[in-house]
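Quick note, the sequence shown lines up with residues 43 to 462 if you use the working numbering.
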Amino acid sequence: MKIAVVGGGIAGLTAAYRLHPRHEVTLFEKSRRVGGNAYGYRTRDGVEVDIAVAAFGRAGYPNFYKLLDEFGIETAMCPNSFMSFHDLDTNSGIYMTTTLSGFLTQGLAALKPSKVWNLARLPVGLARAQKLRESGQLDGKTLRELLAMVPEFTGDTRTILLCVMCLLSSMSIAELLDAPARFFLEKLACHHDVISPKALYSVRAIKKGTQAYVRALANRIEGHIRLGADIRAVVRSAKEGVTLVMESGETHAFDRVVFACPADTALKLLDSPTDDERRLLGAWRYKDGRVVLHRDPASFPPRALVQAYTYLYRKGPDGEIAETSVNGALWFEPQAPDTCDYFSSQYPNFDLNPALIEFETVLRTPVFDFTSVETTKLLPRLNGVRGSYYCGSYFGFGLHEDAVTSALAVAKAVDAEART
Ligand SMILES: Cc1cc2nc3c(=O)[nH]c(=O)nc-3n(C[C@H](O)[C@H](O)[C@H](O)COP(=O)(O)OP(=O)(O)OC[C@H]3O[C@@H](n4cnc5c(N)ncnc54)[C@H](O)[C@@H]3O)c2cc1C
């Protein structure tokens with residue numbers, strides 16, 4: 043079949059790679075690069091760093107790791123690194139350092155009984171929360187309500203939990219508090235290694251950076267990728283299949299189309315969506331998040347306390363965490379030299395010296411709220427209707443594994459349809 047794939051993130055690349063060359067595939071990507079949120083950037087020093095997607099826990103990414111194995115792409119632990127949580131107002135925090143210099147920089151503060159106690163409460167609180175989920179007591183409840191139900195989820199424990207959920211969802215704390223508790227606990231159950239000491243060896247990065255697999259996938263479909271593709275509409279008809287109408291007026295005819303772009307974009311492109319498409323795709327809101335590559339350490343704790351992920355947070359009047367940025371310290375990436383001093387800050391909530399900003403961009407991510415997560419189980423039924431298929435991270439928990447799994451499902455369904 044002639045198949046158009048719309049979107050060149052990990053979902054679109056995986057779908058196109060799996061469908062080619064049995065089918066005649068063309069991948070249309072709106073921007074001038076493939077990879078979507080797997081964003082490699084070559085710094086002035088000539089190092090290719092990952093400014094967005096970077097880490098994958100072994101527990102929750104079986105299909106993604108299989109794909110890496112297919113290409114012989116190696117992963118590595120982030121040595122000597124865990125997470126730090128730094129209060130921007132008090133210049134103090136929780137620094138989960140694994141090195142002697144990190145320990146010495148904190149001094150006796152690291153051993154304060156209240157700190158150790160707070161850390162020990164996290165697994166107890168999580169176990170209690172998972173029991174509540176399993177017994178159905180969290181159905182219809184928000185994360186704010188869950189926090190009130192679990193006595194362990196206060197103080198430092200709450201700070202750690204919410205910061206990690208910001209990392210895992212690209213959502214803000216305000217958005218998370220109103221989000222469905224059950225969904226996020228299911229996500230934490232699936233990605234259980236991220237929020238435990240197991241993370242030290244189980245959460246891994248790509249040895250040569252994410253562009254290693256992005257390039258490997260793109261190379262397999264070389265000559266079949268159109269960058270800078272400006273699609274105006276996708277028109278479907280029972281007899282003529284699918285037509286992509288470009289902004290230039292050009293048209294391209296296909297038998298099938300795979301939408302691997304955000305759900306809201308797919309809906310906008312569709313000339314006459316079905317009721318189901320309107321309802322299921324229309325449930326998704328997206329967030330345009332600022333991501334800044336910079337070398338400004340002014341708001342950070344001393345370098346010995348900075349970890350691969352360092353959260354810079356502020357508390358609200360009730361003394362609980364109210365907002366945070368998620369900051370990647372890029373010298374922990376396996377491909378970066380120790381001399382690297384770049385940070386990648388997602389939604390910076392602190393002042394940045396403009397002279398120390400090297401690059402910034404806006405990345406789109408789905409918002410997981412009560413309306414959108416209700417569609418997750420229903421989305422696969424759109425596949426195969428009116429010559430259209432859908433995939434992307436919004437089919438699951440919003441991570442690479444979800445994008446890959448949904449793309450593999452699309453490739454399988456297209457093949458099955460082609461055989462009939
Ligand atoms: C800062 C940040 C860090 C993250 N870190 C991680 C991480 O460490 N691990 C992890 O698993 N996940 C992480 N994620 C989540 C990440 O978004 C998903 O894992 C995954 O990359 C999403 O893939 P996708 O293919 O579904 O969508 P995207 O990557 O968003 O790809 C969609 C593609 O469609 C293209 N497109 C949009 N509109 C059109 C159009 N009209 N025509 C053609 N093309 C179009 C876009 O340009 C884009 O290339 C992170 C996200 C962000 C923002």
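Virtual Cβ for every residue (Gly too), placed ideally from N, Cα, C.
Query - Ser341 - DSSP class collapsed to helix/strand/coil - result: coil
Requested in this report: Report the residue from Trp159, Gly135, Ala247, Leu185 whose alpha carbon sits nearest the alpha carbon of Gly82.
Outcome: Ala247
Query raised in the report: Going straight from the alpha carbon of Thr407 to that of Tyr328, what length do you get?
Result: 5 Å
Query raised in the report: Contact check, Gln388 vs Val348 under 8 Å by CB: the rounded distance?
Result: Wrong, their Cβ atoms sit about 15 Å apart, outside the cutoff.
Requested in this report: Could you tell me the boundaries of the beta strand (DSSP E) in which Ile273 lies?
Outcome: 273-279
Query raised in the report: Okay, do the region 158-170 and the region 193-202 touch, 3+ Cβ pairs below 8 Å being the bar?
Result: yes
Report task. Kindly indicate which residue of Val368, Gln377, Asp338, Trp373 has the alpha-carbon position closest to the one of Glu400. Result -> Asp338
Query raised in the report: Counting Cβ pairs, one atom from each stretch, are 3 or more of them under 8 Å apart for the region 452-461 and the region 55-67?
Result: By the Cβ test, the region 452-461 is in contact with the region 55-67, since at least three Cβ pairs between them sit closer than 8 Å.
Query - CB contact flag (Ile215, Ala101, <8 Å) - result: By the CB criterion at 8 Å, Ile215 and Ala101 fall outside the cutoff.
Query raised in the report: Do you know offhand how far Ala46's Cα is from Cys205's?
Result: 38 Å
Query raised in the report: Got a sec: does ligand 1 put a non-hydrogen atom nearer than 7 Å to the Cβ of Asn79?
Result: yes
Query - Limits of the unbroken alpha helix (DSSP H) element including Lys310 - result: 305-311
Query - Met119 (DSSP reduced to helix, strand or coil) - result: strand
Report task. Select from Ala378, Leu354, Trp373, Gly361 the residue whose C-alpha is nearest the C-alpha of Ser367. Result -> Leu354
Report task. Measure the alpha-carbon distance for Ala260 versus His294 and round it to whole angstroms. Result -> 21 Å
Query raised in the report: Can you give the beta carbon distance from Phe106 to Phe98, rounded, assuming they're within the 8 Å contact cut?
Result: Distance from Phe106 to Phe98 at the Cβ level is roughly 6 Å; contact confirmed, criterion being Cβ atoms closer than 8 Å.
Query - Option in Gly440, Glu375, Asp131, Cys303 with minimal Cα separation from Pro359 - result: Asp131
Report task. Take every Cβ of the region 136-152, pair it with every Cβ of the region 379-396, and state whether three or more of those distances are shorter than 8 Å. Result -> no
Requested in this report: Go through its chain and collect everything with a Cβ distance to Gly77's Cβ below 6 Å, but skip five positions before and after it.
Outcome: Val256
Query - Heavy atom of ligand 1 within 7 Å of Glu402 beta-carbon - result: No; taking the cut-off as 7 Å, the Cβ of Glu402 has no heavy atom of ligand 1 nearer than that.
Report task. Give me whichever residues DSSP pairs with Val287 in a beta bridge. Result -> Partner residues in the beta bridge of Val287, as assigned by DSSP, are Ala275, Thr293.
**Report entry** Length of the line joining the Cα atoms of Ser238 and Gln172
**Finding:** 15 Å
Query - As assigned by DSSP and simplified to three states, the class of Phe38 - result: Outside the displayed span of the chain (43 to 462) sits residue 38, for which this structure offers no information.
**Report entry** Proximal residues to Leu322 (C-beta, below 7 Å), its chain only, five neighbours per side dropped
**Finding:** Counting only residues of its own chain and dropping the five nearest sequence neighbours on each side, Leu322 has a CB closer than 7 Å to the CB of Thr417, Leu420, Leu421, Leu424.
Report task. Look up Asp87 in the DSSP assignment and give the residues it is bridged to. Result -> Partner(s): none; Asp87 has no beta bridge.
Query raised in the report: Under 7 Å from any heavy atom of ligand 3, does the C-beta of Leu420 make it?
Result: With respect to ligand 3, the structure offers nothing, as its ligand set consists of ligand 1.
Query raised in the report: Touching or not, the region 208-223 and the region 174-191, by the rule of three or more beta carbon pairs under 8 Å?
Result: yes
Requested in this report: Assign Leu150 to buried or exposed, taking buried as 16 or more other Cβ atoms, counted over all protein chains shown, within 10 Å of its Cβ.
Outcome: exposed
Query raised in the report: Using a threshold of 7 Å, is the CB atom of Ala445 nearer than that to any non-hydrogen atom of ligand 1?
Result: yes
Query raised in the report: Expressed to the nearest angstrom, what Euclidean distance is found between the alpha-carbon atoms of Gln253 and Thr139?
Result: 28 Å
Requested in this report: Confirm the yes/no value for this check: CB of Pro376, any heavy atom of ligand 1, distance under 7 Å.
Outcome: Pro376 Cβ: outside cutoff for every heavy atom of ligand 1.
Query raised in the report: Can a CB atom of chain D be found closer than 8 Å to the CB of Lys357?
Result: Judged by its chain identifiers, the structure shown contains no chain D, having just a single protein chain.
Query raised in the report: Do the CB positions of Leu269 and His336 come within less than 8 Å of each other?
Result: no
Requested in this report: Answer yes or no: the CB of Cys205 versus the heavy atoms of ligand 1, is any distance below 7 Å?
Outcome: Answer for Cys205: no, Cβ out of range of ligand 1.
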